[in-house]
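One structure is given here, and the rest of the page talks about it.
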Amino acid sequence: MTATAPQEAQTRAELPDRRIPGEEGIWVFVLGDMTVFALFFATFMYSRGKNPDTFARDHASLNVALGTVNTVLLLTSSLFVVLAVQRVLTGAHRSAPRLFTAALACGLGFVIVKAVEWAHLFSEGKTVGSGEFFSYYFMFTGIHLAHVLIGCVVLSRLIAITRREELTGHTAMLCEAGGIFWHMVDLLWVVLFALFYLMR
Amino acid sequence: MAMTRRVTLVWMLLLGITFASFVVGVEQGAGVASAAAVVIIGLALCKVRLIGIHFMDVRVAPRPLRLIFETYVLAVFVTLATLDLVVT
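Just so you know, the sequences run in chain order A and B. For what it's worth, the numbering used here labels the leading residue of the first sequence as 1, then goes sequentially. For what it's worth, the numbering used here labels the leading residue of the second sequence as 201, then goes sequentially.
Written out as C-alpha cells, the structure is:
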C-alpha cells in the first residue's frame, strides 16, 4: 500500500467506459467462491428432492422473520458499501469512513441475529447432527458466517484507510475490491435465505 | 447524484423482491410447493443479478466478465429449478 507512488484517487470521470471493477484477482476469488457455493446449492436441492417430507418438517423449525431481518441487514450494508466506494472513486472520500462504519454495523447486526437464531435452535436440541436438513443448514450458514466475519475485518480495514487525508489510486482499488467481496457475501446469503427459509 | 439515486432505487427494488419472496414462501400451499419453489429461486436469482450488475459494477466490466456473471446466474437458476422439478 505504501509502496505505490502518491497519486490522486482516480475519479469516476477518468475511469474508462469498460473496466474491471476492483482488480482481476478479486474476481478470480469471488467467481471461484460463487462456484463452490453453487455446488452447495445444487447438493441441497438434490437432497431436498430425495427427502421432501423431512426437509419440509425441519424447515418449519427455522425463524423466517429472523432470516428476513438478516437479508435486509446485508442488503442495506451493501448499499452503504456502494455509496462509500462511489465517494472514494469520485474523490469525495470524507464521508466514506462513516458509510463503511454503517455497513460494518449492519454486518455485526447480522452476526448477532445469527447467534440468537443458532442459540434458539441449540436450545431446542437442533444441531449439525439433527438430520440432513440441519447438517446442510449449519454447514452452509456457518461457512457463510465465516465470510461475513472476514468481510467485517475487511470493512474495518477500509474504515481505517479511508480516514487518510489523501487517497492513492491503490487505496481506491482496495476499497472497490473489498466492496466486491462484501457484495458477494450479500449475494450468497440471498440464495441461502431462499433455499433454507423460504422454500418449503 | 445519478449514481446514488440509481443504487438507492436498486436497493429499494431488492427489498421489494425480498418482501414478495417472503409472501410467496409463507403462502405456498402443499400442492403447489414445487411451483412456489421455482418462483422463490427465480426471485432470488433476480436479486443476485441486481447485486452483481449494480453493486459489484459488472455493468461496466469487460464483456467476458459480464458474460461469465450472466451465465452463472442463468446456470444456477436452471440447475436449481430443474433439480426442484425433476428429483423425486
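In this text, a Cβ means the ideal position worked out from N, Cα and C, and glycines have one as well.
Item	Value
Local conformation of Gln86 of chain A per DSSP, three classes	helix
His144 of chain A - containing alpha helix (DSSP H), residue span	Glu132 to Ile161
Test item: CB-CB of Val85 of chain A and Cys152 of chain A under 7 Å	no
Contact residues within the stretch 44-55 of chain A, judged by C-beta distance below 7 Å to chain B	Met45, Tyr46, Gly49 and Lys50
Pairwise C-alpha distance: Met173 of chain A and Ala9 of chain A	Summary for Ala9 of chain A: the model assigns pLDDT 48, below 50, so the residue's position carries little reliability, and this model does not support an answer.
Residue-level contact to chain B via CB, Leu199 of chain A, 7 Å cutoff	Checking the displayed sequence, the identity of residue 199 of chain A turns out to be Met instead of Leu. Chain B contact via Cβ: present.
Residue-level contact to chain B via CB, Arg94 of chain A, 7 Å cutoff	no
Cβ pair Thr279 of chain B, Ala105 of chain A closer than 7 Å	no
Any C-beta of chain A under 7 Å from that of Pro262 of chain B	yes
Closest residue to Val210 of chain B among A:Leu188, A:Ile112 and A:Val82 (Cα-Cα distance)	A:Val82
Cβ neighbour criterion (16 or more within 10 Å) applied to Val239 of chain B	buried
Secondary structure of Leu39 of chain A, DSSP reduced to three states	helix
Expected contact under 8 Å - CB spacing of Gly49 of chain A and Val287 of chain B to nearest Å	3 Å
Residue ranges of each alpha helix (DSSP H) within the stretch 233-278 of chain B, 4 or longer	233-250
Best match in A:Phe80, A:Phe138, A:Glu24 and A:Val64 for proximity to Thr191 of chain B [C-alpha to C-alpha]	With chain B running from 201 to 288 in the structure shown, residue 191 of chain B is simply not present.
DSSP three-state assignment for Arg18 of chain A, whether helix, strand or coil	coil
CB contact below 7 Å: Leu75 of chain A versus chain B	yes
Separation of Thr101 of chain A from His93 of chain A, as counted between CA atoms	13 Å
Selected residue, minimal CA-CA separation from Ala56 of chain A, among B:Gly225, B:Ala244, B:Thr218 and B:Arg206	B:Gly225
Cβ pair count under 8 Å reaching 3, the stretch 29-44 of chain A against the stretch 149-164 of chain A	no
Residue nearest to Phe193 of chain A in terms of C-alpha spacing, selected from A:Gly107, A:Thr141, A:Gly178 and A:Gly125	A:Thr141
Neighbourhood of Ile253 of chain B by C-beta, 6 Å cutoff - its chain only, sequence neighbours within 5 removed	Arg259
Partner residues on chain B for Arg98 of chain A, Cβ-Cβ distance less than 7 Å	The contacting residues do not exist; Arg98 of chain A stays about 15 Å from chain B at best.
Arg87 of chain A, buried or exposed, once every other Cβ within 10 Å from all chains shown has been counted against 16	buried
C-beta contact flag for Gly107 of chain A and Tyr197 of chain A at 7 Å	no
Residue range of the unbroken alpha helix (DSSP H) whose run includes Arg205 of chain B	Ala202 to Glu227
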